[in-house]
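J.: Read top to bottom, the protein sequences are chains V and P.
The numbering used here puts the first sequence at residues 5 to 220.
The numbering used here puts the second sequence at residues 5 to 220.
Ideal placement from N, C-alpha and C gives every residue a C-beta, glycine not left out.
There are 2 protein chains.
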Amino acid sequence: MSAHDSDTTRERIADAAGEIFADRGFDGTTVRDICQRAGANIAAVNYYFGDKKRLYVEAVVRAHRWRMEQFPLPDWPVGTPAEKKLADFITTFIRRVRIGPEITWHTRLMMREMAHPTDACVELAQSSIRPQFEILLQILRELVPEGTTVDELRLAAFSIVGQCLFYHFADPVIRNLLTTEDYTSLDVQRLAEHITEFSLKSVRHMAQHEREEALR
Amino acid sequence: MSAHDSDTTRERIADAAGEIFADRGFDGTTVRDICQRAGANIAAVNYYFGDKKRLYVEAVVRAHRWRMEQFPLPDWPVGTPAEKKLADFITTFIRRVRIGPEITWHTRLMMREMAHPTDACVELAQSSIRPQFEILLQILRELVPEGTTVDELRLAAFSIVGQCLFYHFADPVIRNLLTTEDYTSLDVQRLAEHITEFSLKSVRHMAQHEREEALR
DNA sequence: AATTGATTTAAACAAATGTTTAAAACAATT
DNA sequence: AATTGTTTTAAACATTTGTTTAAATCAATT
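(1) So A91/V contacts chain P; which residues on that side make the cut at Cβ distance below 9 angstroms?
(2) List, in chain order, every chain P residue whose beta-carbon is nearer than 7 angstroms to that of N180/V.
(3) M118/V versus chain P: which residues are under 9 angstroms apart at the beta carbon?
(4) Which residue's Cα is closest to the Cα of W70/V: T12/V, L181/V and V101/V?
(5) Taking only the alpha-carbon atoms, compute the straight-line gap between D155/P and N45/V and give it to the nearest angstrom.
(6) Taking 8 angstroms as the threshold (beta carbon to beta carbon), is D31/P in contact with chain V?
(7) What does the Cβ neighbour count give for Y187/P, buried or exposed, with the cut at 16 atoms within 10 Å?
(8) If you compare alpha carbons, which of F170/V, A124/V and V207/V is closest to I143/V?
(9) Looking only at C-alpha atoms, which of R28/P, H198/P, D175/P and A129/P sits nearest to A67/P?
(10) How about I98/P and Y171/P: are their beta carbons less than 8 angstroms apart?
(11) What residues from chain V crowd round H209/P, counting only those whose CB sits closer than 8 angstroms?
(12) Taking 7 angstroms as the cut-off, does the CB of S189/V come closer than this to any heavy atom belonging to the ligand MN?
(13) With 8 angstroms as the threshold, decide whether the Cβ of A160/P is near any Cβ in chain V.
(14) Could you spell out the range, first to last residue, of the alpha helix (DSSP H) harbouring R28/P?
(15) Hey, quick one: how far does the alpha helix (DSSP H) through T152/P stretch, first residue to last?
(16) If the cut is a Cβ gap below 7 angstroms, which residues of chain V does G22/P touch?
(17) Starting from A86/P and walking both ways along the alpha helix (DSSP H), at which residues does that stretch end?
(18) With distance defined between alpha-carbon atoms, name the residue in T13/P, S163/P and L113/P nearest to G43/P.
(19) With C-beta atoms as the reference, is M118/V less than 8 angstroms away from V165/P?
(20) To test your reading of the DSSP string, which unbroken alpha helix (DSSP H) runs of 4 or more residues are found completely within the region 49-74 of chain P?
(21) Does any residue of chain P bring its CB to less than 8 angstroms from the CB of Q167/V?
(22) Flag this pair as yes or no: are the beta carbons of F202/P and Q167/P separated by less than 8 angstroms?
(23) Classify D191/V as buried or exposed, calling it buried when 16 or more other Cβ atoms lie within 10 Å of its own Cβ.
(24) Less than 6 angstroms between C-beta atoms, sequence neighbours within five positions excluded: which residues of the same chain meet that for A124/P?
(25) Give a yes or no on whether the C-beta atoms belonging to I17/V and V49/V are separated by under 8 angstroms.
(26) Would you give the residue range spanned by the alpha helix (DSSP H) that A124/P belongs to?
(27) To which residues of the same chain is D199/V closer than 8 angstroms at the C-beta, ignoring the five residues directly before and after it?
(28) Considering only the beta carbon of each residue, do K205/P and K205/V sit closer than 8 angstroms?
(29) Does P121/V come within less than 8 angstroms of chain P when only Cβ atoms are used?
(30) Measure the C-alpha to C-alpha separation of F25/P and H120/V and round it to an integer number of angstroms.
(31) Quick one, which of V82/P, M72/P and L157/P has its alpha-carbon nearest L182/V's?
(32) Would you kindly work out how many angstroms separate the C-alpha atoms of A63/P and R179/P, rounded to a whole number?
(33) Could you tell me whether the Cβ of R100/V comes closer than 8 angstroms to any Cβ of chain P?
(34) For A7/V and A20/P, what's the separation of their Cα atoms in angstroms?
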């Protein structure tokens, strides 16, 4: 099925570890479970990775690499309208975080690491976030009225990212709130369209607030 | 300090358990740690709660109760404008989820339970969510142009809740992204104002999309 | 003061878990 | 065929962890 076919033992273990760590967290995962799923001997973890902790780090690194090459941002030709860039950004972002039938453990493991950072992975996780955040800020800068402060810009960025992340972290809640039918209708494209529209409307009227204030 | 003063042993243990469960999760928490922090004997957990699992459930129940009475929604007099209700809802919601210096373990434990539900608590957690969600839907119904479908309404609600939850789940990331100064400026009121404005702008123009579509 | 029931304590138990070991099996090279 | 280095295996080890036990302590009542 998942991580049992032709691969080196090292890789089978890393994959099996990723799956189980993603589901049950570091403490909830036993070395025995990993080795069993990988079809390897109990001693293999220490033989190949030294200890459980270093195996965990390896799994996170792999998850990160896989996700980065799996869901790249398009490189926009100069002159691409900012609206298009924002739509692309949001679509890509949702693809990266949304849990769905086709989604592997990689995303779940990374999200776990974001919410509860392990000291071993804190730089990795966050060094990958900052550049993405900067890209979003640049896109928003093009959309927002002149004179918008960087603080307002950041809050707008948080609002957008928050909407996307919701469909990851609140997944159990959403499943419970909606019928199966309604839940499955929430595919990536639908969500991306909604969030893009919702956000564009706000971002375009970003300075409206100050204008209103000024009129009083 | 935290859970060591004059209280019954049972209560001291429940509180200490809540704190540690919130920080390290169920598997990462040992009964010995709990009893030590509570200043109780190792056997006290089983004496008062039967086993570790039932103590966990008790901690979650307490966290839920505490949060509900700590951050109630105001009961709006008839005729309160929907804008005001939305602002109140968002403020209350952020108070409930935001991590801050004054926030106790209760919120962290509940959020953990939302993201990774335990079979023992799944009904509790989710039965508390649905009514809140319905309230938000009703508020939005007043704000949104006539003819807005319930699906669109739900997506808008998700967008609002998502923005609020972001400041909980992404807290480690935000801390890393911002300077200490900028981070501390993100108090509840500031966030609530931003999210309310951001969302109101979108919600009011909710039907704009269909109108644009119709014009094509 | 004696009795009764509840609580606390120290010690022990059994199971689970991360890790190590030493021998066996395997694969490639000479 | 012998050798060498790598990989796999079963068993054991040392801790940790949840739980239990039986005695001791405490508190209230008779």
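T.: Answer, in terms of the structure:
(1) Simply none; closest approach about 14 angstroms.
(2) Close to N180/V, with beta-carbon spacing below 7 angstroms, are these residues of chain P in chain order: Q130.
(3) Neighbours of M118/V on chain P, chain order: F173, A174, P176 and V177.
(4) Ranking T12/V, L181/V and V101/V by Cα distance to W70/V puts V101/V first.
(5) Across the structure, D155/P and N45/V are spaced so that their CA atoms are roughly 51 angstroms apart.
(6) At a cut-off of 8 angstroms between C-beta atoms, D31/P counts as an interface residue with respect to chain V.
(7) Its Cβ having fewer than 16 others within 10 Å, Y187/P is exposed.
(8) Taking only the C-alpha atoms, the option nearest I143/V is V207/V.
(9) Closest in alpha carbon position to A67/P, among R28/P, H198/P, D175/P and A129/P, is A129/P.
(10) Yes, the Cβ-Cβ distance between I98/P and Y171/P is below 8 angstroms.
(11) The contacting residues are K205.
(12) Within the structure as shown, the ligand MN is missing, as the structure has no ligands at all.
(13) Yes, because at least one Cβ of chain V sits closer than 8 angstroms to the Cβ of A160/P.
(14) That run of the alpha helix (DSSP H) goes T13 to G32.
(15) Judged by DSSP secondary structure, T152/P falls outside any alpha helix (DSSP H); it is assigned neither H nor E.
(16) Residues of chain V passing the Cβ test: none, with the nearest at roughly 17 angstroms.
(17) Start and end: A86 to V101.
(18) Measuring from the Cα of G43/P, the nearest candidate turns out to be T13/P.
(19) Cβ atoms of M118/V and V165/P: not closer than 8 angstroms.
(20) If we require 4 residues or more, the alpha helix (DSSP H) runs fully inside the region 49-74 of chain P come out as 56-74.
(21) Between Q167/V and chain P, the shortest Cβ-Cβ separation is below 8 angstroms.
(22) Yes, Cβ-Cβ distance for F202/P and Q167/P is below 8 angstroms.
(23) Exposed.
(24) Setting aside the 5 residues that flank it on each side, A124/P is surrounded in the same chain by V61, each with a C-beta closer than 6 angstroms to its C-beta; the list follows chain order.
(25) Against a cut-off of 8 angstroms, the Cβ pair of V49/V and I17/V comes out as a contact.
(26) Where A124/P is concerned, there is no enclosing alpha helix (DSSP H), given that its DSSP letter is neither H nor E.
(27) It should be pointed out that residue 199/V corresponds to Ile in this sequence rather than to Asp. Same-chain partners within the cutoff: I94, I98, I164, Q167 and C168.
(28) Yes, these two residues count as a Cβ contact at 8 angstroms.
(29) Yes, because at least one Cβ of chain P sits closer than 8 angstroms to the Cβ of P121/V.
(30) The alpha-carbon atoms of F25/P and H120/V are separated by roughly 13 angstroms.
(31) Put simply, of V82/P, M72/P and L157/P the residue whose alpha carbon is nearest the alpha carbon of L182/V is L157/P.
(32) Near 28 angstroms, if we compare the C-alpha coordinates of R179/P and A63/P.
(33) False, the Cβ-Cβ gap to chain P never drops below 8 angstroms.
(34) Legend: pLDDT at A7/V = 42, less than 50; position of this residue unreliable, value from coordinates given subsequently. Each residue's Cα considered, the two are about 40 angstroms apart.
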